[in-house]
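A.B. asks: Structure in structure tokens, see below.
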Amino acid sequence: MWLVIVKCLWWRMLLMQVLTFILVSILLAQSEVLGLLTNYFSIESPTSDETRDAYIYASLLIFSSILLMFINYVFYIGRKMGGMVRIILTSAIYCKVFRLSQTTISRVTMGHVINVASNDVHRFDECVSYFPFLLVFPIHLSVVVYLLFLKLEWSSMITLGINIIFIPLTLALATIYSKLRYKAAKVTDRRVKVMNEVISGMRVIKMYGWEYAFSQLVSRIRRHEIWFILASMMIKEFNNLLSRSVINITMLFTFSVFTLFGGILTPGILFSTLANIFFLRYSAIHFSVAMVQLFDAQVGYKRIKEFLLLPELSVISIAENAKCDDNVTLVPLTATNKNVDNDIGPRITVDHLTASWSMDICKPTLLDISFNVDEKDNALLAVVGPVGSGKSTLLQCLLKELPALSGTVSVRGSIGYASQEACVFSTSLRENILFGLPYEDQWYRTVVHACALENDISLLENGDLTLVGERGVTLSGGQKARVNLARAVYRKADIYLLDDPLSAVDSAVSRHIFEKCICGLLAEKCVVLVTHQTQYLMHCHSVLRLAEGRSVEGDSNEATTNQVVETRAVTVTESSESLSYEDDAANEDDTNLLHVPDEERAHGTVSMKTYCQYFKAGGGYLFTALAFGLYIITEAVIVITDWWIADWSQCSVHDNLNSSYSSTCLLSNSERVQIYSGLTAGLIALSFIGKAFMCGLLIRSAQVLHNRMFSHVLRAPIYFFDTNPIGQILNRFSKDIGFMDDTLVSKLSIFFTLTFQNVGLFLISVVANYYLIILVVIILVAFIGIRWYYLKTARDIKRLEAIARSPIYSHLSLTLQGLSTIRSYSMESIMIEKLHQYQNQHTQSWYLFIVTARWFSTRLDFLIALFLATFVLTSVGLSQVLDPALLSLTLTYSLQLTDVFAFYMRTSTEVESLMVSPERVIAYGKLKVEASLETLSPKSHPPPNWPDKGNIVMNSVSYKHSVNGPQVLNDISCTVISREKVGIVGRTGAGKTSLVSALFRLEEPAGGSIVIDGVDICTIGLHELRRNISIIPQDPVLFGGTIRYNLDPFDLYDESDIWRALEQVQLKSAIEGLDEGLLSIIREGGSNFSVGQRQLFCLARALLRKNPILVLDEATANVDIKTDSIIQEVIREQFSECTILTVAHRLNTVMDYDKIMVLDKGVLVEYDEPYLLLSRPSSYLGQLVDQTGPINANKLRNIAFMIHEKKLGLVENLT
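Be aware that the sequence shown starts at 570, since it is given in my numbering, and climbs by one per residue.
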């Protein structure tokens, strides 16, 4: 990978190297000229020739400073090249994603991929800027040692010896730092992964009352991460201190040995040596930073390389794994043919297919599956079976996402694929359907009608041009499923693979889609339909029933494998009545009215309040003041140490002239060495203590602010997550926290060091040459003005750059989720182009930032050159009236000022730009939160065993998804008696899920009250409410971790209780078959379990909690009839003493309930016993029943009648 980077950017790297050599050469020349000029300052009565030479030396110094102003362009080249490397690596990572096999994706978490693409790639930015010093520093050191040898003779070898020791020590520290950063990155991966799961599953976490469990989990990971970060930052700061201290140590030993052995330390020797060593420190610091950045980049390189070398999508050799059966014949999987032979036509042929996600033939997911589909005689194949039977896996094999262990799969023709979990992209609804294809008006309208999307589109603010938000957040589950289906149909493919597209819609819409789309538009196509809707099997040409990955015979009343229906009807409607779904989208829980806002960004200066909050979080004002005090004392000791050595040289001159210069000249060389040694030791100790203290303070601040942000995000209302993309929220927990943990700590440490260093420099300049005070004031005013003018632009550019990063990670995240869909349509190039668009948008703001930084640096360099020119020329003219020691010392400092002050100003602006990250984190730490989790008032505490009966009374309940949003429930009033089973039905979007949200107080009711067993739920804590109501949610969510953790995160139940719950939901055998049992790991998002199995896990959670109220929010939408019957049986047996509220798409599920609640457009239109409702002439429930078809409608009415008669019989017996 390094070779690829060098190959792409070699000439830019060569240009940087040459410019860096020129820069160092100028610094060496300045050192020698400085020595000649300081000798002039020590002459008591210079001649005119000496004065003329002095002005020549001064002119050379000024010219070299101006030249440096242009040579500093090398750092701009470095920043620009770092951005190029970032773009190259991000693109490589994204392109690699498209080549990952599904087995690989199941092992690689989304958090890991995002962390690699953000933090690991970012490590290369700084590394590229500093890499030339890896070669320049050794050469610079060699030249300096040679020049010092000419002045100090063998004493100069000390400089070489110390630096020879310094280099391997730096390498050793950099290696330790690299290992710590690698470990920290691993923990960061885990934290980002957990955060991704938490944000994605926030609705479930809130309804289960699991905030504390996940808060403890994230806090534990974060503490572990902080330990590695703190250790690595301490090593990094010690390494930086070493690179600075090595100069002080070098000067101490070199000058001490030189003078103790009789050398005369003249100002010319001293200050040229000082300048050489100071400039060598400049190279040494950059070398040290380069080493740290190189090892840091090596961590990123290693992690990126590991990712890029992950197994790719291909036929994987399983010879090593095929140990169970020596007779197994391994036949390569034939490639999908996009070009169809007209004589043969589109077809699918599967012959003795065996496949496994684990690539282990001993544990196949599919075993010996065979079937054919062709457009002539067997065009519509239904695939049915219980959850986890391998239905979705079969489609993955047809898509070549899962390679076969044995057998053959031949797919001839282009493919249209609709995944079970709808893949919706953050663009307009129309673009989601077109998905890169040109717009054909008539065909588009036909597809939209067939997929029952016309009325949904008419209700959207901008029609089909409405942006649907990340993952289709503005759409309901049913709408997303239909958009997903429409995308597949629009492609005019030869073969359609439809993975349960009817599960997320109600019966009317389901029949419309089957009639108009599957048996209409796709009548002449090859279709493989995975479904749990068995009422449609009679209209399929053949049915493939799967059980435990094997093909089995069906029931007598259902079509069986290879049973051919003579005609495939264009319509399956069993009456002449047209289906009515006009109102299906009328409300959609008003999710279509959700507005997805642009990411919030602050404007103007990062406020002083932000700085105060940032430092206060690290330890309060006292510790902050103590840290600053240490920096001030350290700088004072630095100035005193440098003044001491300058005074020493002047004493040497005056000793030779037998004249008195100051009282310190009375000291012997050995006494001067002792004092100098003490000052140097104190300087090093204070520097380390100050930096370590500041480092600890800033990392603690990052820890506190992260915890505060996480706490507020965890407690934010659910509307916040509905309207803010996951990538946008995750960006603050990954990139912004990453900046605060590392980059900001380093930059602030440098900033504070340089602040006090420059203050000391200007003070010494004024003391040495008091005529400069006016110029210093003017230049400082100019500095402040330019800085203010620059920051006014740069700060907002940096904010825009931070915001522009989010879509890149969101796009990457969405690509991983919809990878099968993207690959099935061969849309990789379109998605890559979309990434390039996001990268271009980000690069625009990022490039503006570095260009404005270059503009700022150029003007700073000019002001510094002006200051240096004025100082040098006035010093030469006034050398006879000014203190020569201070004058020489100040001039030595001033030469560094060109780089030091410009670097300081750049650092100060970078700090302010980076302070946008704490600003963003602090903003999330102030998010509005839900009501208290615990009941605050003792008077409001519910009784100890509340709720004990399960009575629910709703009094004129109105509900909004947000305070300012539209009302989605209007004046709902009803009573649910203890132990009643109540079904909640209505067309898609009628408000069913909103009613569940109101019961769980996901938002506070807009009006009215809900009373459970005599307690108003708005008067108690959210945990006391939510933990006492069990729910099986619409979207079954599993979290990464063990099976036991997913069922019992608080460790409240015995293992026997957990096994009993798993046995009751018929998952025990599946879990026992896993190697680790309850400790087996669930992959991210529960990807190693089917959707139906995930739903059964949710049922097991409810069984463990044993609450008197159970809510099922369309819990059986994605499961087969058998699993549905399992769930219903468990509910009847285990929850017979509970009050049950069931939101249902399938009327079969709730027709035997005590009562049914019918909602329409957020209004309760009917609520009574099913039979009584069906007896009414114009019953809403009756309309819904009739829309299921005459046969099923009669069945439902009979169930309602039988339940009614049963109740009457019970009443008669009681009387």
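Just so it is clear, CB atoms sit at the ideal spot from N, CA and C, and this is done for glycine as well.
For the segment 803-886, list the alpha helix (DSSP H) runs that are entirely contained and at least 4 residues long, ordered along the chain.
C.D. replies: Taking only runs of at least 4 residues, the alpha helix (DSSP H) segments lying wholly in the segment 803-886 are 836-877.
A.B. asks: Which first and last residues belong to the alpha helix (DSSP H) in which R1119 is found?
C.D. replies: Reading the sequence shown from its first residue, position 550 is the one you call residue 1119. Here R1119 belongs to no alpha helix (DSSP H); instead the beta strand (DSSP E) covers 1119-1121.
A.B. asks: Could you name the residues of the same chain whose beta carbon sits closer than 7 angstroms to that of G1778, not counting the 5 residues immediately before and after it, in chain order?
C.D. replies: Here the question's residue 1778 lines up with position 1209 in the sequence shown. Once the five neighbours on either side are set aside, G1778 has no close Cβ partner at all.
A.B. asks: Closest to S1649 by C-alpha separation, out of Q1011, A1492, T1611, would be which residue?
C.D. replies: The sequence position of residue 1649 within the sequence shown is 1080, counting from 1. When only C-alpha atoms are compared, the closest one is T1611.
A.B. asks: So if DSSP puts G1576 in a beta bridge, which residue, or which two residues, is it bridged to?
C.D. replies: One-based indexing of the sequence shown puts residue 1576 at position 1007. S1527.
A.B. asks: Going by the CB atoms, is the gap between S988 and T1476 shorter than 8 angstroms?
C.D. replies: Locating residue 1476 in the sequence shown gives position 907, where the first residue counts as 1. Locating residue 988 in the sequence shown gives position 419, where the first residue counts as 1. No, these two residues do not count as a Cβ contact at 8 angstroms.
A.B. asks: Since E1067 contacts L1090 with CB under 8 angstroms, what's their CB separation in whole angstroms?
C.D. replies: As a position in the sequence shown, residue 1067 is number 498, starting the count at 1. As a position in the sequence shown, residue 1090 is number 521, starting the count at 1. Correcting the residue type first, residue 1067 is Leu in the shown sequence and not Glu. 12 angstroms between Cβ atoms; not a contact.
A.B. asks: Output the residue ranges of the beta strand (DSSP E) runs that lie fully inside the segment 1576-1657 and measure 3 residues or longer, sorted by chain position.
C.D. replies: Counting whole runs of 3 or more residues, the segment 1576-1657 contains the beta strand (DSSP E) stretches 1576-1581, 1599-1601.
A.B. asks: Between the alpha carbons of G1198 and P1487, how many angstroms are there, rounded?
C.D. replies: The residue given as residue 1198 occupies position 629 in the sequence shown. The residue given as residue 1487 occupies position 918 in the sequence shown. Each residue's alpha carbon lies about 24 angstroms from the other.
A.B. asks: Counting only runs of 4+ residues fully inside the segment 1374-1420, write out the alpha helix (DSSP H) ranges in chain order.
C.D. replies: List check, alpha helix (DSSP H) in window: 1388-1393.
A.B. asks: Could you have a look at L1204 and say whether DSSP puts it in helix, strand or coil?
C.D. replies: One-based indexing of the sequence shown puts residue 1204 at position 635. Checking the sequence shown, residue 1204 turns out to be Glu, not Leu. Correct three-state label for E1204: helix.
A.B. asks: Within 10 Å of its beta-carbon, does K1361 have 16 or more other beta-carbons around it, so buried, or fewer, so exposed?
C.D. replies: Working through the sequence shown from its first residue, we reach residue 1361 at position 792. Per the 10 Å Cβ criterion, exposed.
A.B. asks: Our contact map puts G1731 next to L1538 with C-beta atoms below 8 angstroms; I'd like the distance itself, whole angstroms only.
C.D. replies: By one-based count along the sequence shown, residue 1731 stands at place 1162. By one-based count along the sequence shown, residue 1538 stands at place 969. Rounded, the Cβ-Cβ distance is 5 angstroms, consistent with contact.
A.B. asks: Nearest CA to the CA of I1715: which residue from V1350, V1058, N1520, E1683?
C.D. replies: On the sequence shown, residue 1715 is found 1146 positions in, with the first residue counted as 1. First, the amino acid is wrong: residue 1715 is Arg here, not Ile. Out of V1350, V1058, N1520, E1683, E1683 has the C-alpha closest to the C-alpha of R1715.
A.B. asks: Between I1600, K755, T819, R1060, which has its C-alpha nearest F1569's C-alpha?
C.D. replies: Here residue 1569 corresponds to residue number 1000 of the sequence shown, with the count starting at 1. Among I1600, K755, T819, R1060, the Cα nearest to that of F1569 belongs to I1600.
A.B. asks: Which one or two residues does DSSP pair with Q1536 in a beta bridge?
C.D. replies: In the sequence shown, counting from the first residue as 1, residue 1536 sits at position 967. The partner list for Q1536 (beta bridge, DSSP) reads K1529.
A.B. asks: Just reading off the beta strand (DSSP E) that L968 is part of, what are its end residues?
C.D. replies: Against the sequence shown, residue 968 aligns to sequence position 399. Run containing L968: none; DSSP gives neither H nor E here.
A.B. asks: If you compare alpha carbons, which of Q599, S614, I574 is closest to Q1449?
C.D. replies: As a first step, residue 1449 must be located in the sequence shown, where it is residue number 880. Taking only the C-alpha atoms, the option nearest Q1449 is S614.
A.B. asks: In chain order, what residues of the same chain lie with their CB nearer than 7 angstroms to the CB of M776, ignoring the 5 residues before and after it?
C.D. replies: Stepping through the sequence shown from its first residue, residue 776 is reached at position 207. So the list reads F1569, R1595, I1600, P1602, once near-sequence residues are dropped.
A.B. asks: Let me know the secondary structure DSSP gives L584 once reduced to three states.
C.D. replies: On the sequence shown, residue 584 is found 15 positions in, with the first residue counted as 1. Helix at L584.
A.B. asks: Please tell me whether L719 and F693 are closer than 8 angstroms, where the distance is taken between their beta carbons.
C.D. replies: By 1-based counting over the sequence shown, the position of residue 719 is 150. By 1-based counting over the sequence shown, the position of residue 693 is 124. Cβ distance not < 8 angstroms, so L719 and F693 don't count as in contact.
A.B. asks: So what's I1546 in DSSP terms, helix, strand or just coil?
C.D. replies: What you label residue 1546 is simply residue 977 of the sequence shown in a count that begins at 1. The answer is coil: DSSP assigns I1546 none of H, G, I, E or B.
A.B. asks: Among the residues of its own chain, which have a CB less than 7 angstroms from the CB of I1201, if the five just before and after it don't count?
C.D. replies: By 1-based counting over the sequence shown, the position of residue 1201 is 632. Contacts found: F1325.
A.B. asks: Please identify the residue among L1616, S1111, L1106 whose C-alpha is closest to the C-alpha of K945.
C.D. replies: To locate residue 945, count along the sequence shown from 1; it is residue 376. Checking every option, the nearest Cα to that of K945 belongs to S1111.
A.B. asks: What first and last residue would you give for the beta strand (DSSP E) that runs through K1724?
C.D. replies: In the sequence shown, the residue the question calls residue 1724 occupies position 1155. Where K1724 is concerned, the enclosing beta strand (DSSP E) stretches over 1724-1729.
A.B. asks: Please list the terminal residues of the continuous alpha helix (DSSP H) segment that includes R1241.
C.D. replies: Looking up residue 1241 in the sequence shown gives position 672. Element bounds for R1241: 1238-1283.
A.B. asks: Does the separation of the CB atoms of S1076 and L1753 fall below 8 angstroms?
C.D. replies: Within the sequence shown, the letter at position 507 stands for residue 1076. Within the sequence shown, the letter at position 1184 stands for residue 1753. Yes.
A.B. asks: Buried or exposed: T616, going by 16 or more other Cβ atoms within 10 Å of its Cβ?
C.D. replies: Sequence index remark: in the sequence shown, residue 616 carries index 47 (1-based). Exposed, by the Cβ-count rule.
A.B. asks: Whole angstroms is fine: what's the gap from F1289's alpha carbon to Y1416's?
C.D. replies: Taking the first residue of the sequence shown as 1, we reach residue 1289 at position 720. Taking the first residue of the sequence shown as 1, we reach residue 1416 at position 847. The straight-line gap from Cα to Cα measures roughly 32 angstroms.
A.B. asks: Just list the residues that DSSP pairs R916 with in beta bridges.
C.D. replies: Reading the sequence shown from its first residue, position 347 is the one you call residue 916. D943, R981.
A.B. asks: When you compare only the Cα positions, how much space is there between C1109 and L950?
C.D. replies: For the purposes of this step, residue 1109 is taken as residue 540 along the sequence shown, with counting starting at 1. For the purposes of this step, residue 950 is taken as residue 381 along the sequence shown, with counting starting at 1. One C-alpha to the other measures close to 6 angstroms.
A.B. asks: Which of helix, strand or coil does DSSP assign to L1777?
C.D. replies: Here residue 1777 corresponds to residue number 1208 of the sequence shown, with the count starting at 1. Looking at L1777 - three-state DSSP - the assignment turns out to be helix.
A.B. asks: So is P1286 buried or exposed if we call it buried at 16+ other beta carbons inside 10 Å?
C.D. replies: For the purposes of this step, residue 1286 is taken as the residue at position 717 of the sequence shown. With 16 or more other Cβ atoms within 10 Å, it is buried.
A.B. asks: To the nearest angstrom, report how far apart L879 and A853 are at their CA atoms.
C.D. replies: Along the sequence shown, one-based indexing puts residue 879 at 310. Along the sequence shown, one-based indexing puts residue 853 at 284. If you take the alpha carbons of L879 and A853, they lie about 38 angstroms apart.
A.B. asks: Got a sec, what are the start and stop residues for the alpha helix (DSSP H) L766 sits in?
C.D. replies: As a first step, residue 766 is located in the sequence shown; it is residue number 197 there, counting from the start. Here residue 766 is Glu; the residue named in the question, Leu, does not match the sequence. 725-769 is the span of the alpha helix (DSSP H), which, as asked, contains E766.
A.B. asks: Output the distance between the C-alpha atoms of L1330 and F1320, rounded to the nearest integer angstrom.
C.D. replies: As a first step, residue 1330 must be located in the sequence shown, where it is residue number 761. As a first step, residue 1320 must be located in the sequence shown, where it is residue number 751. If I take the Cα positions, the gap works out to 15 angstroms.
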